[in-house]
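J.: Quick note, the numbering used here runs 2 ahead of the 1-based positions in the sequence shown.
Glycine included, every Cβ here is placed at the ideal spot set by N, Cα and C.
The model shown is predicted, which means the values in this text are computed figures rather than measured ones.
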Amino acid sequence: MSRQGGTTTGQNQIKITIKFGFKSNPKIPALYSEVDILGMNIKTNWRVVTGGPSSGKTKVIEYLAFLGYRIFPEAARLLLDIEQSKGKTIKELRKNEIEFQKKVLQMKIEAERRLPPKQIIFFDRGIPDSIAYYRLYRENPAPVIKASQKRKYKKVFLLEQLPFEKDYARIEDEDFAKNIQQLLYQSYLDLGYEVVKVPLGTIEERVKFILAKTQPYKKVANIVRPFI
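1) Under a three-way DSSP split, which group does I122 fall into?
2) Could you give the first and the last residue of the continuous alpha helix (DSSP H) run that contains T60?
3) Provide the residue(s) that pair with T52 in DSSP beta bridges, ordered along the chain.
4) Could you check how far apart the C-beta atoms of G54 and A179 are, in whole angstroms? I think they sit under 8 Å.
5) According to DSSP, is Q6 helix, strand or coil?
6) Helix, strand or coil: how does DSSP classify I73 here?
7) For chain C, check one thing: does any of its Cβ atoms lie closer than 9 Å to the Cβ of R140?
8) To the nearest angstrom, how far is the alpha carbon of M109 from that of A77?
9) Looking at the structure shown, is K105 part of a helix, part of a strand, or coil, going by DSSP?
10) Okay, do the region 153-166 and the region 84-96 touch, 3+ Cβ pairs below 8 Å being the bar?
Laid out in structure tokens, this is it:
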């Protein structure tokens, strides 16, 4: 970390430079060697549940909400739903994928600014997920790295992928899903996170696994079984 002339408030200007060494998919080269970060990490009680398309994370998040935990939905799907309610189509919204990803990133940044850092919240994807998507689309992810450094998640859970299925919001194919899964994992590792891999299982089994790693919670032993 080095100090040099930069842009902050006041007369004394400080520029903080943090260097990252990526060891990601060799087919997708690193697009930067250093990123300028202003400000300090805010430690939070937030947990991220992430994974590639068709990993089952949204169902896991929904089940956590059912159990009474506060959750934040996937920004990309929320954006699609909002814009579809205005009459736009998925094809229109995703014809320029990098512009779509930039809007998703902005939604996540704005949401995290509003949410209380000390409250336990489970996120359906975190800001660093956008690093993976930027890199896959050959877009410089420096702005995402900067945003990712503003707040520190308590835990990051990566769900192993289920058999691939298409849905209304998903334009990706199975190969894309595999590539993004690896990039998601690497993106969080490169930011210094310990990524907890969640094995395949039922929704209830995966939630129990996550809650066991989010101790100490009494709800783990006696998870409510709905519809039975």
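T.: Walking through what the data contain:
1) Residue state, collapsed to three classes: coil.
2) Bounds of the alpha helix (DSSP H) holding T60 are K59 to F68.
3) DSSP lists L160 as partners of T52.
4) About 4 Å separates the beta carbons of G54 and A179, which is inside the 8 Å limit, making them a contact pair.
5) With a pLDDT of only 43 at Q6, under the threshold of 50, the placement of this residue in the model should not be trusted; the figure read from the coordinates follows. Reduced to three states, the DSSP call for Q6 is strand.
6) Look at I73 here: in three-state DSSP terms it is strand.
7) Included in the structure is just one protein chain, with no chain C present.
8) In this structure, the CA atom of M109 is about 6 Å from the CA atom of A77.
9) In the structure shown, K105 falls within a helical segment according to DSSP collapsed to helix, strand and coil.
10) The region 153-166 and the region 84-96 do not touch, with fewer than 3 CB-CB distances between them shorter than 8 Å.
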